[in-house]
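In the working numbering, the protein residues as written are 140 to 536.
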């Protein structure tokens, strides 16, 4: 999709896969809660919760919107010109390759974040690529959620969530970003601006090293144990089942596990959440849990090195032991075992991400709005996001 003539950046400015569209001022742009997804939270100096478009109100601050839409969670923040947080909200994931209800999830969250003085919005979305038919639907849902028809003043930018996370980590600079939440993908940006992505195939085709992959492998140990084929896995399987509140022995143990899977509201997210349990067991000294996380880290490091090699100047080849400049995001990367394994394979410790992924969307929105944020604003943004979404730390699920 081509950029609007009023957007000088053009779609190529976001690594060639973002898409900029114009949108009109919203109607009923308050932050009133949607009953289906919970309440948006406004700060004391925020706009009234029921605001309609009409005569401009000079007391209403200009704002920008940042969205980070992953496979399990979608998070949003409304920011003022000085990087202050006016409102924030979260909801279920909005990956069209994974959730049949993704469009409603995204629409509801956007509706809650409407604002009468919105200048720009950036959506970093799992599963987004401007060339995909599903991404055209994502753009349509974005416009509808903000009550923003084409041809108006709001600048709207959509891109893949790994691009958003890379910008947050490196501030637009070079490096390899390893994103491992529910799924997994690596993105490299070369010194000359070259871009390469490796992975991100989804749970049916790949996503090795991601949370779902870890959870599925962990339950594979459990099913083999319950079948009686792998007694040596008894300690790991029993500990995992106990963490789920399920029996490890008895005639109903197998059916209890089947029922656990059947009754999850979103089984893929539930399995991805098991990565945290596996990490806890590894910390407690379980060797099988540790080995599983090390396998995950090895997969992620391979993706990262391949992405890095594809942006290597002239040769397109990187010697196996060349250190890689890298950073990380996603819930799986909270695991020290996974991070240490990736670092060992890449020959370098990771650079801590400058901002969590949601901050990458905020930086892009500020750019689209023409706001020149200095380091003070960026630091204020980072501190605010860490306070609002403390479970993330520097990462996104």
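By construction, the Cβ of each residue, glycine as well, lies at the ideal position given by its N, Cα and C atoms.
So if DSSP puts residue i in a beta bridge, which residue, or which two residues, is it bridged to?
i           : result
residue 298 : 263
residue 202 : 219, 257
residue 338 : 324
residue 537 : Coverage of the chain is limited to positions 140 through 536, which leaves residue 537 absent and any answer about it impossible.
residue 310 : Per DSSP, none; premise fails for residue 310.
residue 468 : 318
residue 224 : 218
residue 208 : 213, 264
Under 8 angstroms Cβ to Cβ from residue i, same chain only, skipping five residues before and after it: list those, please.
i           : result
residue 521 : 493, 494, 495, 498
residue 246 : 280, 283, 284
Considering Cα atoms alone, identify which of the options is closest to residue i.
i           : options            : result
residue 463 : 330, 429, 509      : 330
residue 214 : 500, 199, 505      : 500
residue 400 : 419, 380, 390      : 380
residue 573 : 207, 302, 219, 319 : Absent from the model: residue 573. The displayed extent of the chain is 140 to 536, so no value can be given.
residue 322 : 350, 423, 431      : 350
residue 286 : 358, 208, 263, 255 : 255
residue 439 : 420, 482, 398, 506 : 482
residue 257 : 513, 295, 272, 304 : 295
residue 293 : 509, 523, 524, 514 : 509
residue 470 : 204, 376, 411      : 411
residue 537 : 448, 449, 376      : The structure shown does not extend to residue 537, since the chain is modelled only from 140 through 536, so no value can be given for it.
residue 242 : 460, 259, 208      : 208
residue 261 : 303, 233, 244      : 303
residue 475 : 234, 433, 511, 311 : 433
residue 301 : 512, 206, 437      : 206
State buried or exposed for residue i, treating a residue as buried only when at least 16 other CB atoms are found within 10 Å of its CB.
i           : result
residue 211 : buried
residue 473 : buried
residue 422 : exposed
residue 516 : buried
residue 275 : exposed
residue 418 : buried
residue 529 : exposed
residue 503 : buried
residue 484 : buried
residue 430 : exposed
residue 240 : exposed
residue 402 : exposed
residue 238 : buried
residue 514 : exposed
residue 231 : buried
residue 478 : buried
residue 396 : buried
residue 404 : exposed
Suppose the cutoff is 7 angstroms on Cβ atoms and the five residues either side in sequence are ignored; what does the same chain contact list for residue i look like?
i           : result
residue 446 : 315, 325, 326, 327, 335, 336, 337
residue 357 : 379, 413, 417, 431
Examine the ligand SAM and report whether any of its heavy atoms sits within less than 7 angstroms of the Cβ of residue i.
i           : result
residue 441 : Among the components modelled here there is no ligand, and therefore nothing to report on the ligand SAM.
Taking only the alpha-carbon atoms, compute the straight-line gap between residue i and residue j and give it to the nearest angstrom.
i           : j           : result
residue 426 : residue 409 : 23 angstroms
residue 488 : residue 480 : 10 angstroms
residue 222 : residue 282 : 24 angstroms
residue 367 : residue 444 : 39 angstroms
residue 519 : residue 307 : 14 angstroms
residue 505 : residue 236 : 29 angstroms
residue 263 : residue 407 : 20 angstroms
residue 320 : residue 382 : 21 angstroms
residue 161 : residue 388 : The pLDDT assigned to residue 161 is 39, lower than 50, so where the model puts this residue is not dependable; a value taken from the coordinates is nonetheless given after this. Whole-angstrom Cα-Cα distance: 59 angstroms.
residue 224 : residue 266 : 27 angstroms
residue 394 : residue 278 : 42 angstroms
residue 385 : residue 415 : 17 angstroms
residue 195 : residue 524 : The predicted position of residue 195 is uncertain, since its pLDDT is 42 and thus under 50; no value can be drawn from it.
residue 204 : residue 297 : 12 angstroms
residue 391 : residue 354 : 22 angstroms
residue 348 : residue 252 : 33 angstroms
residue 507 : residue 451 : 30 angstroms
residue 184 : residue 313 : Low local confidence applies: a pLDDT of 33 at residue 184 is under 50, so the model's placement there is unreliable, and no value is given.
residue 486 : residue 333 : 22 angstroms
residue 460 : residue 259 : 43 angstroms
residue 234 : residue 342 : 12 angstroms
residue 436 : residue 311 : 25 angstroms
Going along the chain, which residues of its own chain have a beta-carbon closer than 6 angstroms to the beta-carbon of residue i, five neighbours each way excluded?
i           : result
residue 309 : none
residue 467 : 317, 489
residue 420 : 378, 428
residue 442 : 325, 337, 338
residue 372 : 360, 364
residue 249 : 284, 285
residue 305 : 316, 326
residue 201 : 220, 256, 258
residue 244 : 230, 231, 233
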